[in-house]
Amino acid sequence: MLANQLARKLYPEILRGEVSILLLSDCPDHYYKPAFMYVAFNLYFKEELKRPERSLLRPEIGFQVEKVTRFDFAGQRLKTSSGKPFSYDFLVIATGCLPAPERIEGLQEAGDHFYQYDPARQLAQRLSTIEKGRIFISVSFPQTPNVPHQCGIAPVETTLMLDDYLRRRGVRDKVEIIYTYPTTAQLLRNCLFLQRPTGEILPAIFEQKDIHYQRGFTLSRVDPDAKIAYSAEDEAQPFDILMATPPIRAVDAVLECGVSQAQNDEGWLPTNHETLQVYGLENVYVIGDTVDLPVSKAGGSCHNQAPVIANNIAAEIRLGKPVSVYDGRVQAVAQMGLNAGMPLWYDYSRDVQPTPPTKIGGLLRNGFNRGLYWAVARGML
Amino acid sequence: MNMPEDVSATPGYSALMARLQPLIDSGRLDNIVDLLSLVSDLIDLLDAATVEKLANVFEEVTASGWAAANTLRMTRAEIMTQGKPPSLYALLKLLNEEDTRKGVAVVLKTLNVIGRQL
Numbered sequence: 033m034l035a036n037q038l039a040r041k042l043y044p045e046i047l048r049g050e051v052s053i054l055l056l057s058d059c060p061d062h063y064y065k066p067a068f069m070y071v072a073f074n075l076y077f078k079e080e081l082k083r084p085e086r087s088l089l090r091p092e093i094g095f096q097v098e099k100v101t102r103f104d105f106a107g108q109r110l111k112t113s114s115g116k117p118f119s120y121d122f123l124v125i126a127t128g129c130l131p132a133p134e135r136i137e138g139l140q141e142a143g144d145h146f147y148q149y150d151p152a153r154q155l156a157q158r159l160s161t162i163e164k165g166r167i168f169i170s171v172s173f174p175q176t177p178n179v180p181h182q183c184g185i186a187p188v189e190t191t192l193m194l195d196d197y198l199r200r201r202g203v204r205d206k207v208e209i210i211y212t213y214p215t216t217a218q219l220l221r222n223c224l225f226l227q228r229p230t231g232e233i234l235p236a237i238f239e240q241k242d243i244h245y246q247r248g249f250t251l252s253r254v255d256p257d258a259k260i261a262y263s264a265e266d267e268a269q270p271f272d273i274l275m276a277t278p279p280i281r282a283v284d285a286v287l288e289c290g291v292s293q294a295q296n297d298e299g300w301l302p303t304n305h306e307t308l309q310v311y312g313l314e315n316v317y318v319i320g321d322t323v324d325l326p327v328s329k330a331g332g333s334c335h336n337q338a339p340v341i342a343n344n345i346a347a348e349i350r351l352g353k354p355v356s357v358y359d360g361r362v363q364a365v366a367q368m369g370l371n372a373g374m375p376l377w378y379d380y381s382r383d384v385q386p387t388p389p390t391k392i393g394g395l396l397r398n399g400f401n402r403g404l405y406w407a408v409a410r411g412m413l
Numbered sequence: 487m488n489m490p491e492d493v494s495a496t497p498g499y500s501a502l503m504a505r506l507q508p509l510i511d512s513g514r515l516d517n518i519v520d521l522l523s524l525v526s527d528l529i530d531l532l533d534a535a536t537v538e539k540l541a542n543v544f545e546e547v548t549a550s551g552w553a554a555a556n557t558l559r560m561t562r563a564e565i566m567t568q569g570k571p572p573s574l575y576a577l578l579k580l581l582n583e584e585d586t587r588k589g590v591a592v593v594l595k596t597l598n599v600i601g602r603q604l
């Protein structure tokens with residue numbers, strides 16, 4: 033998305049041979065990761081969610097499958113797993129984040145999540161066969177202050193999808209759903225969502241659907257044999273399926289680069305809220321999940337960060353300084369159940385103002401997942 | 487138009503009615519209501535499978551158009567930067583480049599598939 037926008041922005045310089053753009057990725061394919069949560073409900077095949085990365089890039093952009101293993105910021109070089117070095121004048125780090133369930137004792141063994149394809153398939157297997165019991169939903173935030181977990185609305189989305197899914201299967205009356213939220217959620221305490229206006233409407237929505245909910249459950253340990261989740265608040269909750277939003281961390285190369293000051297070795301890069309440059313580094317920008325910003329680690333954030341970074345790199349080349357400012361804007365269509373959707377947007381200064389979920393919203397989200405997203409990735413929307 | 491006092495005191499309602507009044511007077515408001523009904527019917531008719539088909543068509547059209555535009559833009563830019571037309575030797579050399587051979591294969595295969603559908 034950003035590479036395509038950069039190529040368009042810097043096209044005159046590219047034509048003159050003064051600028052070249054190279055994208056390094058550790059995978060030849062690009063996955064639409066936000067739809068992995070649908071995989072947990074048997075709604076998407078893996079093949080529908082991937083495209084060859086090359087097919088999404090303008091031809092002026094070079095593309096190589098190389099996994100970056102080390103950043104040499106002083107020398108403006110990258111080392112890769114193949115041993116091949118790459119130098120740069122400007123660098124954008126878009127390495128995302130990784131689920132790290134192993135950071136909570138027992139979660140790896142007993143928990144499920146939907147933030148990667150294989151775990152989502154495993155969860156799908158469990159959700160499609162459970163006949164009775166208790167599905168326990170937990171959310172773990174990074175320990176770095178005011179940094180959210182991956183895709184803020186995803187736990188609410190999947191809870192409501194789960195309710196619809198079990199009703200469709202005809203077993204909802206025999207399966208208890210309990211949604212929990214930790215004591216500390218960025219700047220809020222003892223809430224059900226990381227933004228107050230949305231958190232305040234959730235109890236009514238959950239009660240209408242007979243979804244139980246509990247504030248102040250910070251997952252600290254899981255007993256895989258007894259199937260009990262323990263909280264930092266000294267509570268124990270039994271489960272048959274533990275659908276968790278696990279801890280997350282930056283990728284190894286970012287963790288090891290020594291620039292992050294994030295707590296718990298999480299690796300978030302210190303990010304200028306406005307220019308999206310990495311503090312303390314020359315000519316280095318960061319986009320997406322690797323930032324330490326308070327906004328959602330989601331595609332809707334990248335969508336608004338990409339034009340800012342493209343503008344700022346073009347401005348540094350042409351004017352010697354960045355000129356564009358990111359206002360924290362994030363927009364998305366939240367999947368509120370299997371058929372309904374709720375368009376939402378927010379920024380650094382304004383929270384989401386929730387609106388009633390609608391069928392049109394659900395159709396829009398489905399259309400985005402199936403088709404519009406690829407136009408966004410190509411930098412067309 | 488006579489309105490109850492509590493309704494006419496609502497500025498938004500009054501402003502809306504002022505805009506609608508010409509449509510009501512000329513009988514054209516019926517068209518707008520019919521259009522809303524049609525849109526509502528279309529939304530009712532849309533289901534997940536239809537949206538999937540429409541989204542796939544959208545991607546195929548936009549991706550094809552995007553790839554064609556990219557090809558034309560890049561080809562034109564590269565030819566324009568050369569200053570003078572390429573020599574016959576340069577053209578033959580170009581023909582032997584891997585990317586050219588892939589492109590020629592796409593063109594020939596496209597003709598092949600067109601033929602298959604005739």
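Residue numbers (my numbering), protein chains in the order written: chain A, 33 to 413; chain B, 487 to 604.
Heads up, the beta-carbon is just placed ideally off N, CA and C, and yes, glycines get one too.
{"query": "Three CB pairs or more closer than 8 Å across the stretch 350 to 361 of chain A and the stretch 300 to 315 of chain A", "result": "yes"}
{"query": "Residues near I233 (chain A) by beta carbon distance below 8 Å, same chain, minus five either side", "result": "P386"}
{"query": "Proximity test, A541 (chain B) beta-carbon vs the ligand PLP heavy atom, cut-off 8 Å", "result": "As far as ligands go, the structure on display features none, and thus does not contain the ligand PLP."}
{"query": "Cβ neighbour criterion (16 or more within 10 Å) applied to T567 (chain B)", "result": "exposed"}
{"query": "Whole-angstrom distance between L528 (chain B) and M487 (chain B), CA atom to CA atom", "result": "Its pLDDT being 48, under 50, M487 (chain B) is placed unreliably in this model, and the coordinates cannot settle the point."}
{"query": "Selection from A:N344, A:T390 and A:M412 that minimises the alpha carbon distance to L123 (chain A)", "result": "A:N344"}
{"query": "Helix, strand or coil at K329 (chain A) [DSSP, three-state]", "result": "strand"}
{"query": "Option in A:A366, A:R382 and A:D383 with minimal Cα separation from P375 (chain A)", "result": "A:A366"}
{"query": "Minimum Cβ-Cβ distance from M503 (chain B) to chain A less than 9 Å", "result": "no"}
{"query": "With 16 other Cβ atoms within 10 Å as the buried cut-off, status of G202 (chain A)", "result": "exposed"}
{"query": "Through-space distance from M560 (chain B) to A67 (chain A), alpha-carbon basis", "result": "33 Å"}
{"query": "Backbone CA spacing between A186 (chain A) and Q108 (chain A) [nearest angstrom]", "result": "37 Å"}
{"query": "Selection of the stretch 89 to 101 of chain A by Cβ proximity to chain B, strictly under 7 Å", "result": "R90, P91 and E92"}
{"query": "Endpoints, beta strand (DSSP E) assigned at R402 (chain A)", "result": "Element bounds for R402 (chain A): n/a, residue is neither H nor E."}
{"query": "For T191 (chain A) and I243 (chain A), believed in contact at Cβ under 8 Å, the rounded distance", "result": "6 Å"}
{"query": "Buried versus exposed, by CB contacts within 10 Å (16 or more), Q240 (chain A)", "result": "exposed"}
{"query": "C289 (chain A) (DSSP reduced to helix, strand or coil)", "result": "coil"}
{"query": "6 Å Cβ shell around P256 (chain A) - same chain, five flanking residues per side excluded", "result": "G138, E141 and A142"}
{"query": "Closer than 9 Å at the beta carbon, the chain B residues around R410 (chain A)", "result": "T548, A549 and W552"}
{"query": "Chain B contact for G403 (chain A) (CB, 9 Å cutoff)", "result": "yes"}
{"query": "K418 (chain A) at chain B interface by Cβ criterion, 9 Å", "result": "Any property of residue 418 (chain A) remains undetermined from this structure, which presents chain A solely from 33 to 413."}
{"query": "Closest by C-alpha distance to C59 (chain A), when choosing among A:K99, A:Y43 and A:S87", "result": "A:K99"}
{"query": "Proximity test, Cβ basis, 9 Å: N398 (chain A) and chain B", "result": "yes"}
{"query": "Cβ-Cβ distance between A276 (chain A) and A152 (chain A) below 9 Å", "result": "no"}
{"query": "CB of L56 (chain A) within 9 Å of CB of V97 (chain A), strictly", "result": "yes"}
{"query": "For C223 (chain A) and T176 (chain A), the rounded distance between their alpha carbons", "result": "18 Å"}
{"query": "Listed by chain order, chain B residues near A72 (chain A) by CB distance under 7 Å", "result": "Here the premise fails: no neighbours, minimum Cβ distance about 17 Å."}
{"query": "Short CB-CB distance (under 9 Å) between A534 (chain B) and chain A", "result": "yes"}
{"query": "9 Å Cβ cutoff, K391 (chain A) in contact with chain B", "result": "yes"}
{"query": "Cβ shell of P117 (chain A) (< 8 Å), same chain only, five flanking positions each side left out", "result": "R109, L110 and K111"}
{"query": "C-beta neighbour in chain B for L47 (chain A), strict 9 Å", "result": "yes"}
{"query": "Test: V543 (chain B) CB closer than 9 Å to a CB of chain A", "result": "yes"}
{"query": "Distance CB(R83 (chain A))-CB(A342 (chain A)) smaller than 9 Å", "result": "no"}
{"query": "Environment of L274 (chain A) [buried if 16+ CB atoms lie within 10 Å]", "result": "buried"}
{"query": "Range of the contiguous beta strand (DSSP E) that encloses K82 (chain A)", "result": "K82 to P84"}
{"query": "According to DSSP, residues forming a beta bridge with K111 (chain A)", "result": "A:R102 and A:P117"}
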